[in-house]
Amino acid sequence: MRKLLAALALGLMIAPATAADIDAFVSTAIKAATDEILPGFERDNGHTIHASYAPSGALVPRFLRGEPVDIFLTDAPALDELIKQGKIAGGRIDLVRTGIGIAVKKGAPKPDVSTPEALKRALLNAKSIGHASTAGGSITGGHVQWVFRQLGIADEFAPKVKLSMGGPNSRVSVLVSSGQVEIGLQQASELYDNPDVEVIGMLPAPLQQTTQYSAGITSNAKQPEAAKAMIQALTTSQAKAIYKAKGLEPN
Numbered sequence: 060m061r062k063l064l065a066a067l068a069l070g071l072m073i074a075p076a077t078a079a080d081i082d083a084f085v086s087t088a089i090k091a092a093t094d095e096i097l098p099g100f101e102r103d104n105g106h107t108i109h110a111s112y113a114p115s116g117a118l119v120p121r122f123l124r125g126e127p128v129d130i131f132l133t134d135a136p137a138l139d140e141l142i143k144q145g146k147i148a149g150g151r152i153d154l155v156r157t158g159i160g161i162a163v164k165k166g167a168p169k170p171d172v173s174t175p176e177a178l179k180r181a182l183l184n185a186k187s188i189g190h191a192s193t194a195g196g197s198i199t200g201g202h203v204q205w206v207f208r209q210l211g212i213a214d215e216f217a218p219k220v221k222l223s224m225g226g227p228n229s230r231v232s233v234l235v236s237s238g239q240v241e242i243g244l245q246q247a248s249e250l251y252d253n254p255d256v257e258v259i260g261m262l263p264a265p266l267q268q269t270t271q272y273s274a275g276i277t278s279n280a281k282q283p284e285a286a287k288a289m290i291q292a293l294t295t296s297q298a299k300a301i302y303k304a305k306g307l308e309p310n
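Per our numbering, the very first residue in the sequence shown carries number 60; after that it's consecutive.
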């Protein structure tokens, strides 16, 4: 009995020392996947993840202003720039890739968007179109505007475009599912996260933008070992299956 009590007491003393609080910055583009992967990691390792989700372009300024971050999950170009600045230690670990998808409200007609010409017709016929605002830190908003220019209809679209400013109630998928817009263009993984919309296709290859999302441990991380373990959890075969189900292509 004494040995059992001693073992229990030792366990109580050890647990707080081994469990860690991990501060993580995570791009909303991969939130649907990490929401399924990370709870199991916390349960298996005893760590607690304090995740902050936002578009990639909004996370970097917060990090540079000094918000505490152990691990950064964002687009590869942003991580590469932080590596050059000495803000990320040990390089980047590539996780997934995703492109820009096109969605309508579930049950709505599904126009052909398989070619640039078909996409142009679908967008011209739509009464309203939604995409992310560059002001909210989205890396897709600027590319969607470029697509409109390439199709030669940017001026015609201006009156019927509604911009998503981010946040849970103003995502592109929410604009679509709530009926505020007929067609939404956004990272496919974010669209797949909303069960009330249907992804009817991806941007045609000549117009597509594929984004690499990667992980990096910050150079001033308070929990670098726990952050490394978290990255391992994000690269397992189980994690890769979840990525695929969420519209992401694992590396």
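A virtual CB, placed ideally from N, CA and C, is assigned to each residue, including glycine.
So, at 6 Å on beta carbons, what are the nonlocal neighbours of VAL206 in its own chain, with the 5 sequence-adjacent residues on each side left out? Residue numbering aside, residue 206 sits at position 147 when the sequence shown is read from its first letter. The answer, listed in chain order, is LEU266.
Look up VAL85 in the DSSP assignment and give the residues it is bridged to. In the sequence shown, residue 85 corresponds to position 26, counting from 1. Beta-bridge analysis with DSSP links VAL85 to TYR112, LEU132.
Are three or more beta carbon pairs between the segment 239 to 251 and the segment 179 to 188 nearer than 8 Å? Touching, per the Cβ criterion.
For ARG124, count the other beta carbons within 10 Å of its own beta carbon; 16 or more makes it buried, fewer makes it exposed. Which is it? Translated into the one-based positions of the sequence shown, residue 124 becomes position 65. When all chains shown are included, ARG124 counts as exposed.
With distances taken Cα to Cα, identify the nearest neighbour of PRO254 among VAL235, GLN268, THR270. As a first step, residue 254 is located in the sequence shown; it is residue number 195 there, counting from the start. Considering only alpha carbons, the answer is VAL235.
Going by the beta-carbon positions, is the gap between LEU244 and ILE161 smaller than 8 Å? Locating residue 244 in the sequence shown gives position 185, counting from the first residue. Locating residue 161 in the sequence shown gives position 102, counting from the first residue. Cβ distance < 8 Å, so LEU244 and ILE161 count as in contact.
Which residues bound the alpha helix (DSSP H) around GLU249? The residue given as residue 249 occupies position 190 in the sequence shown. From DSSP, the alpha helix (DSSP H) with GLU249 extends over 247 to 251.
Can you tell me whether DSSP reads MET224 as helix, strand or coil? Here residue 224 is taken as the residue at index 165 of the sequence shown, counted from 1. Here MET224 sits in coil by DSSP.
If I measure Cβ to Cβ from ILE73 and keep anything under 8 Å in the same chain, skipping five residues before and after, which residues do I get? Position 14 of the sequence shown, counted from the first residue, corresponds to residue 73. Interpretation of ILE73 is limited by its pLDDT of 39, a score under 50 that renders its predicted location unreliable; the figure taken from the coordinates is listed afterwards. Closer than 8 Å at the Cβ level, and outside the excluded window around ILE73, lies no residue.
GLU215 to LYS221, Cα distance in whole Å? What you label residue 215 is simply residue 156 of the sequence shown in a count that begins at 1. What you label residue 221 is simply residue 162 of the sequence shown in a count that begins at 1. Rounded to whole angstroms, GLU215 to LYS221 spans 13 Å at the Cα level.
Could you tell me which of GLU249, GLU284, ALA181, GLN144 sits nearest to LYS303, measuring between CA atoms? Here residue 303 corresponds to residue number 244 of the sequence shown, with the count starting at 1. In this structure, GLU249 is the residue among GLU249, GLU284, ALA181, GLN144 with its C-alpha nearest to the C-alpha of LYS303.
As a quick exercise: from GLU257, ASN310, ALA247, pick the residue whose alpha carbon is nearest that of THR87. Within the sequence shown, the letter at position 28 stands for residue 87. Per the Cα distances, ALA247.
The alpha helix (DSSP H) spanning HIS5 covers which residue range? No information on residue 5 is available, as it lies outside the stretch 60 to 310 that the chain covers here.
By the three-class DSSP mapping on this structure, what secondary structure does LYS164 have? To locate residue 164, count along the sequence shown from 1; it is residue 105. Note: LYS164 maps to strand in three-state DSSP.
My guess is that ASP38 and SER273 are in contact by the Cβ rule of under 8 Å, so how many angstroms apart are they, rounded? Residue 38 lies beyond the stretch modelled for the chain, which goes from 60 to 310, so this question has no answer here.
For GLY116 versus SER197, is the C-beta distance shorter than 8 Å? By one-based count along the sequence shown, residue 116 stands at place 57. By one-based count along the sequence shown, residue 197 stands at place 138. In this structure, GLY116 sits near SER197, with a CB-CB distance shorter than 8 Å.
By alpha-carbon positions, which one of ILE147, GLY200, ILE96 ends up nearest to THR270? On the sequence shown, position 211 is the one that residue 270 refers to. Of the candidates ILE147, GLY200, ILE96, the one whose C-alpha sits nearest the C-alpha of THR270 is GLY200.
Suppose contacts are defined by Cβ-Cβ distances below 8 Å. Is ILE147 in contact with GLY275 by that definition? Residue mapping note: residue 147 aligns to position 88 of the sequence shown, counting from 1. Residue mapping note: residue 275 aligns to position 216 of the sequence shown, counting from 1. The answer is yes: Cβ separation under 8 Å.
Check the C-beta distance from VAL258 over to LYS165 and give it rounded, since I have them as a contact under 8 Å. Here residue 258 refers to the residue found at position 199 of the sequence shown. Here residue 165 refers to the residue found at position 106 of the sequence shown. Actually they do not touch by this definition, with Cβ atoms about 10 Å apart.
Option nearest GLN291 by Cα separation, candidates ALA264, ARG151, ASN279: Within the sequence shown, numbered from 1, the residue matching residue 291 stands at position 232. Of ALA264, ARG151, ASN279, the residue nearest in Cα terms is ARG151.
So what does DSSP say about ILE96, is it helix, strand or coil? Looking up residue 96 in the sequence shown gives position 37. The answer is helix: DSSP assigns ILE96 an H, G or I state.
Helix, strand or coil: which one does DSSP assign to LEU307? Start at 1 with the first residue of the sequence shown, and residue 307 comes out as number 248. Coil.
Euclidean distance between Cα positions of ALA213 and HIS202: In the sequence shown, counting from the first residue as 1, residue 213 sits at position 154. In the sequence shown, counting from the first residue as 1, residue 202 sits at position 143. Rounded to whole angstroms, the separation of the alpha carbons of HIS202 and ALA213 is 12 Å.
Reduced DSSP secondary structure (H/G/I, E/B, other) of GLN239: Looking up residue 239 in the sequence shown gives position 180. Note: GLN239 maps to coil in three-state DSSP.
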